[in-house]
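Protein chains in written order, with this note's numbering: chain A, 6 to 131; chain B, 6 to 131.
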DNA sequence: GTTATAGATCGATGTCCGTCGATCTCCAGC
DNA sequence: GCTGGAGATCGACGGACATCGATCTATAAC
């Protein structure tokens, strides 16, 4: 695309001044950015991403014993990843006898998903 | 929700057999999971997430000198984060004279965004 | 009580990541 | 040529992370 560079700094300017005015700024507040970044970080591991993928495909709960053989890591590693997802607020678990069942928390990805899908701001005249 | 647990392991089973059949599996292939996880990892830092947010709000290119004062880190750190985003395939840059301009690569978030927005699979009878 | 099993937790280890200051490269102006 | 600035790169440092084996807890069956 060959859009004009409204955001170009001035090529000529007095020495000592910043190269340009701060005309851009993040729309997302710092707290919101940290919240969404923590969600993204939780999804930033292939095993955790696939765990979420499996759990989302099942409205019911999934037994941990089903999840472990899906990956080439030890049980303690899967348990660790599930804990990370739980602490990120993406999943929760329930115990029934010997077994533990995990499920995704509805709308836990809502804010982050809306931001990712947001794309370019059509109201921005740039 | 109180959906039945079709995925429960058998409570009675012969010793030595696995607790349950592998009836669940990730829909996303490993390569796709690693691809999307690398995108998520790139977004897993508040500064990088806000960088993407700023760049997406502007269809044109944004001068690096505008991005640096937005954050409380040094220039080299911002440059490092921009490099991470570039290597993740989310942004690209163009040099004009002394200044460098960054812009988001269109549809770079498409696959990941579609997965995040996908939610529960309605075709799954669980 | 004893034994066996599911799963969480702990401790150690090696690797990766975020940040910094310093340096390097490239370009513009003189 | 020389000088100065924008931004990329490098090396170092500290903290975080992924993985493992071992252990612990809780339940179920005997």
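Idealized CB from N, CA, C, for every residue including glycine.
The beta carbon of residue 97 (chain A) sits closer than 6 Å to the beta carbons of 110 from its chain, once the five residues preceding and following it are set aside; these are given in chain order.
A check of alpha carbon separations from residue 63 (chain B) across B:91, B:34, B:115 and B:108 identifies B:108 as the nearest. Look at the segment 42 to 64 of chain B: the residues with a C-beta under 7 Å from a C-beta of chain A are 42, 45, 46, 48, 49, 50, 51, 54, 55, 58, 59, 61, 62, 63 and 64. When the beta-carbon positions are compared, residue 120 (chain B) and residue 68 (chain B) stay at least 8 Å from each other. For residue 39 (chain B), the residues of chain A that pass the 9 Å Cβ criterion are 51 and 54, in the order they occur in the chain. The bridge partners DSSP lists for residue 50 (chain A) come to none. Taking 4 residues as the shortest admissible run, the segment 39 to 110 of chain B contains the following complete alpha helix (DSSP H) segments, listed from N- to C-terminal end: 51 to 61, 69 to 72 and 80 to 92.
For residue 34 (chain A), there is no enclosing alpha helix (DSSP H), as DSSP marks it with neither H nor E. The segment 50 to 60 of chain B makes contact with the segment 74 to 89 of chain B; the number of CB pairs closer than 8 Å reaches 3 or more. At a cut-off of 8 Å between beta-carbon atoms, residue 95 (chain B) makes no contact with chain A. For residue 80 (chain A), the number of other beta carbons within 10 angstroms of its own is below 16, and it is reported as exposed. Taking the C-beta atoms as reference points, residue 42 (chain B) is found no nearer than 8 Å to residue 87 (chain A). Listed along the chain, the chain A residues whose CB falls inside 9 Å of the CB of residue 122 (chain B) are 114, 118, 119, 121 and 122. Between residue 45 (chain A) and residue 45 (chain B), the beta carbon gap of about 5 Å places them in contact (Cβ cut-off 8 Å).
The alpha-carbon of residue 90 (chain A) is positioned some 7 Å away from that of residue 53 (chain A). Listed by position along chain A, the residues whose Cβ is nearer than 9 Å to that of residue 35 (chain B) are 51 and 55. Setting aside the 5 residues that flank it on each side, residue 93 (chain A) is surrounded in the same chain by 43, 44 and 47, each with a C-beta closer than 7 Å to its C-beta; the list follows chain order. Residue 122 (chain B): member of the alpha helix (DSSP H) spanning 115 to 123, first to last residue. Cα atoms of residue 122 (chain B) and residue 122 (chain A): separation of roughly 8 Å, rounded to the nearest angstrom.
Using a Cβ distance threshold of 8 Å, residue 106 (chain A) and residue 116 (chain A) do not count as a contacting pair. Between the alpha carbons of residue 40 (chain A) and residue 95 (chain A) lies a gap of roughly 12 Å.
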